[in-house]
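Each remark here refers to the structure printed beneath this line.
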Amino acid sequence: MNISYNGQALTLSQPQSLLEVIEAQGAKAPFAVALNGLFVPRSTLAEQRLQEGDSIELLSPIQGG
Amino acid sequence: MMHSDTPLTIYGEQFNSRLLIGSALYPSPEIMQHSLVASQAQIVTVSLRRQNSVSAGGDFWQLIKDTGLRVLPNTAGCHSVKEVVTLAQMCREVFATDWIKLELIGDEYNLQPDPIALLEATEILIKQGFKVLPYCTDDLVVCQRLADLGCEVLMPWGAPIGTGKGLLNPYNLKTIRERLPDHTLIVDAGLGLPSHAVQALELGYDAVLLNSAIAGAGCPVTMASAFNHAVIAGRAAYVAQAMPEKEVAAPSTPTMGMPFWHQN
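Here it is in structure tokens:
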């Protein structure tokens, strides 16, 4: 299964949840997640099953004006 | 006797400082920290970016938390209602605040806010419980519509972001102040000098929000202190009520008892 993770192509050997992929990628708190442009609350990351072509964005705090 | 003043109010929270400061573009994290302290600001703006980008992550967030300042997340860089709503929701979860500095860019050249999409996004976010601080142009009707939607705070620009040009249209800003007397008004973006902040406060604006003017100065820490003094001076001048402007000269020294009165 081919997906996108923060703009990088990623191939999954088996179906996984959003939480499993994030943990496998070594994400460090604090962060928030969007799937295909829609916010996914932290409490539901484990329930979200990924599909072919999904796009994950994992964002963390940065400087802002 | 000094005239008493009221604190800055943002969605029911009160602040003594009338300077909101950004956390970006400083030469180093240490200079950012010292600048925040020197500014005496109580509110700092932050954002979200991909975790694999250069500096996004927990280290920066810990620096900000250590300052103890109130955090105002922004949606900088968004160009659509969908993007801005998603980013606002992500900010709320990460920063644990329902405040959002709503930035929705309509033009890449001058980073001008898209007033139409801004209204649409504001309506959606307010319904979702956000306390929206919209970055908007100095258009009176757009500000009125934002107020109608429930924004208690409006943030018209002084000039395009990062230009340092100051208040390009004081007439428009003054008109917004006069027409929305009960709203908290903050000039956001475009300031370059402390005198620009003084001017905004003298017009009756409740505060200014800036970043580049401090971070881009030769000595950001000193400039942060200068802006702190500027907002204090500008606000005091507004509260004190300036003298009426006149078209002809009027002597300040008494003319009664003047010796040698026009003897020539």
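Chains as they are written, first to last, in the working numbering: chain H, -3 to 61; chain C, -14 to 249.
All C-beta atoms in this analysis are idealised placements derived from N, C-alpha and C, irrespective of residue type, glycine included.
Would you mind sorting T71/C into buried or exposed? The rule is 16 or more other CB atoms within 10 Å of its CB.
buried
For L34/H, which residues in chain A fall below 7 Å Cβ to Cβ?
Judged by its chain identifiers, the structure shown contains no chain A, and its protein chains are H and C.
Checking 8 Å against the spacing of the C-beta atoms, do L54/C and V79/C come in under that value?
no
Where I46/C sits in the DSSP three-state scheme:
The sequence shown places Trp at residue 46/C, rather than the Ile named in the question. If DSSP states are grouped into helix, strand and coil, W46/C belongs with the helices.
I want to see whether chain C comes within less than 8 Å of E53/H, judged by CB atoms only; does it?
yes
Quick one: which unbroken alpha helix (DSSP H) runs of 4-plus residues sit fully inside the segment 133 to 176 of chain C? Chain order, please.
155 to 164
Would S12/H and L46/H be called neighbours here (beta carbons separated by less than 8 Å)?
According to the sequence provided, residue 12/H is Gln. The question's Ser does not apply to it. Yes; because the gap between Cβ atoms is below 8 Å, this pair is in contact.
Under 7 Å Cβ to Cβ from A106/C, same chain only, skipping five residues before and after it: list those, please.
V66, V69, V70, L87, L89
Is there at least one non-hydrogen atom of the ligand MN closer than 7 Å to the beta-carbon of A20/H?
Ligands are entirely absent from the displayed structure, and the ligand MN is therefore not among its contents.
Let me see if you follow: with CB-CB separation under 8 Å, is T30/C close to chain H or not?
yes
Label S8/C either buried or exposed according to how many other C-beta atoms from any shown protein chain fall within 10 Å of its C-beta, with 16 as the threshold for buried.
buried
Three-pair Cβ contact test at 8 Å for the segment 173 to 181 of chain C versus the segment 191 to 208 of chain C
yes
Report the neighbours of A30/H on chain C: residues whose CB is nearer than 9 Å to its CB, in chain order.
T71, L72, Q74, M75
Among C121/C, E232/C, T52/C, whose alpha-carbon lies nearest the alpha-carbon of Q25/C?
T52/C
Below 7 Å CB to CB, which residues in the same chain sit around G177/C once its five sequence neighbours on both sides are set aside?
G149, K150, G151, A198
Measuring CB to CB, does I161/C end up less than 8 Å from L125/C?
yes
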